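Enquirer: The structure follows.
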Amino acid sequence: MSDHQSVLAQAQAPDLAEMTMIGAINSALDVMLARDDAVVVMGEDVGFFGGVFRATAGLQKRYGTHRVFDTPITECGIIGVAIGMGAYGLRPVPEIQFADYIYPALDQLVSEAARLRYRSAGEFTAPITVRSPFGGGIFGGQTHSQSPEGIFTHCSGIKTVIPATPYDAKGLLIAAIEDNDPVLFFEPKRLYNGPFHGHYDRPVTNWSGHPSAQVPTGYYRIPLGSAAVWREGMDVTILCYGTMVHVVADAVAEMGDVDAEIIDLRTLIPLDIDAITRSVAKTGRCLIVHEATRTGGFGAELSALVQERCFLHLEAPVTRVTGFDTPYPYSLEWAYFPGPVRIRQALRAILDD
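Start counting the sequence shown at 5; every next residue gets the next number (this note's numbering).
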């Protein structure tokens with residue numbers, strides 16, 4: 005490469021920084037607050053305190069209390085106000101402190117935000133992005149560990165996004181904020197400061213050896229509805245998202261004789277059906293892994309979609325590894341949490357079929 009080409013390449017390359025998922029989410033909000041005066045961040049403790057997980061740290065000081073502000077403890081009020089703000093030209097990014105607390109706002113999300121464009125024939129939209137930490141793995145017990153994504157994927161008019169890496173978290177959050185429809189942006193709190201491995205009761209530094217990853221400091225977006233091939237393979241397709249991407253990757257890494265293709269869905273609605281069908285048509289087998297309870301979980305929808313579109317390619321039944329149909333336990337969290345042992349058992353059963 006010539007000196008001129010080298011300088012040009014450096015000029016075109018994005019500035020990168022080491023970021024955890026928390027840092028990447030904070031960076032995305034920072035970028036969008038600076039880029040678009042219509043963006044506002046709101047929620048319980050998101051302003052002065054910077055959020056219970058520090059995802060909004062420093063933003064109020066930088067942009068003022070009219071752009072980043074605390075709200076009362078009223079989830080229905082937070083979302084109701086955000087819908088009104090969105091209908092009149094703002095792009096609110098409300099935070100629900102834990103996904104377990106989102107249920108009081110269900111009517112506002114399902115009956116109002118999701119229906120606004122349809123019921124007004126496009127005259128009004130609800131361009132709101134609801135951020136919320138979700139999932140278990142931090143000993144949060146039954147009221148701080150739930151995975152309610154399946155409720156919202158069932159509701160027409162809401163998009164559902166779940167990142168698995170810092171890079172994806174920033175790019176997907178920016179795309180969500182720019183979207184003109186309501187987006188549920190569920191953040192796996194188990195991954196906030198890096199993935200956990202082994203027995204999942206202790207952190208191990210590894211995005212690729214570190215608890216953080218190289219993420220562009222400026223603006224970039226990842227289109228909603230685009231899955232990522234985490235690992236290519238020929239024996240079996242594994243569909244997963246969020247924390248389970250790393251759990252699945254660990255399980256497969258410990259099975260040297262299994263050539264699994266891992267698909268990180270990234271967005272559940274809209275869903276990258278083409279990526280799924282291409283992979284399953286190639287491998288002929290499909291395992292679905294998610295942390296949410298089994299009955300009525302999003303894995304059931306994925307299973308039906310695969311069966312409908314790939315039936316003639318399947319060499320074994322579509323299989324699910326999920327959470328159990330119980331409240332999320334505290335003392336037995338690691339029995340509930342779908343870990344490598346259960347995943348390896350399912351893979352052996354599929355491949356022996």
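Don't be surprised by glycine CBs; every beta carbon is placed ideally from N, CA and C. What you are looking at is a predicted structure, and each value in this text was computed from that prediction instead of being measured.
1. At which residues does the beta strand (DSSP E) containing isoleucine 266 begin and terminate?
2. May I ask you to report which of helix, strand or coil DSSP gives histidine 158?
3. Would you check if there are 3 or more beta carbon pairs closer than 8 Å linking the segment 157-175 to the segment 111-120?
4. Say whether chain D places a C-beta atom closer than 7 Å to the C-beta of aspartate 19.
5. Residues in its own chain within less than 6 Å of isoleucine 166 by CB, not counting five upstream and five downstream?
6. Buried or exposed for glutamate 153, going by 16 or more other Cβ atoms inside 10 Å?
7. With C-beta atoms as the reference, is aspartate 263 less than 7 Å away from aspartate 278?
8. Rounded to the nearest angstrom, what separates phenylalanine 57 and isoleucine 178 at their Cα positions?
9. With distances taken between CB atoms, is the gap from tyrosine 171 to methionine 25 smaller than 7 Å?
10. Express the C-alpha separation of proline 131 and aspartate 183 in angstroms, rounding to a whole number.
11. Considering only DSSP beta bridges, list what arginine 95 is partnered with.
12. How would you label aspartate 356, buried or exposed, when you count the other beta carbons within 10 angstroms and need 16 or more for buried?
13. So proline 342 and valine 293 are supposed to be a Cβ contact under 8 Å. How far apart are they, rounded?
14. Enumerate, from N- to C-terminal direction, the unbroken alpha helix (DSSP H) stretches of 4 or more residues contained entirely within the segment 164-205.
15. Near methionine 23, what residues of its chain come up, given a Cβ to Cβ distance below 7 Å and the 5 sequence neighbours on each side ignored?
16. My understanding is that glycine 327 touches threonine 297, with C-beta atoms under 8 Å, so please give their C-beta distance in whole angstroms.
17. Fully enclosed by the segment 212-287, which beta strand (DSSP E) runs are 3 residues long or longer?
Expert: Let me lay it out:
1. For isoleucine 266, the enclosing beta strand (DSSP E) begins and ends at 264-268.
2. Note: histidine 158 maps to coil in three-state DSSP.
3. yes
4. Structure shown: chain D not included; a single protein chain is present.
5. Phe190, Tyr245 and Gly246
6. Buried, by the Cβ-count rule.
7. no
8. 19 Å
9. no
10. 6 Å
11. Paired residue(s): Val43.
12. exposed
13. 6 Å between Cβ atoms; contact.
14. 170-182
15. Ser31, Pro170, Ser216, Ala217 and Val219
16. 5 Å
17. 217-220, 232-235, 240-244, 264-268 and 271-273
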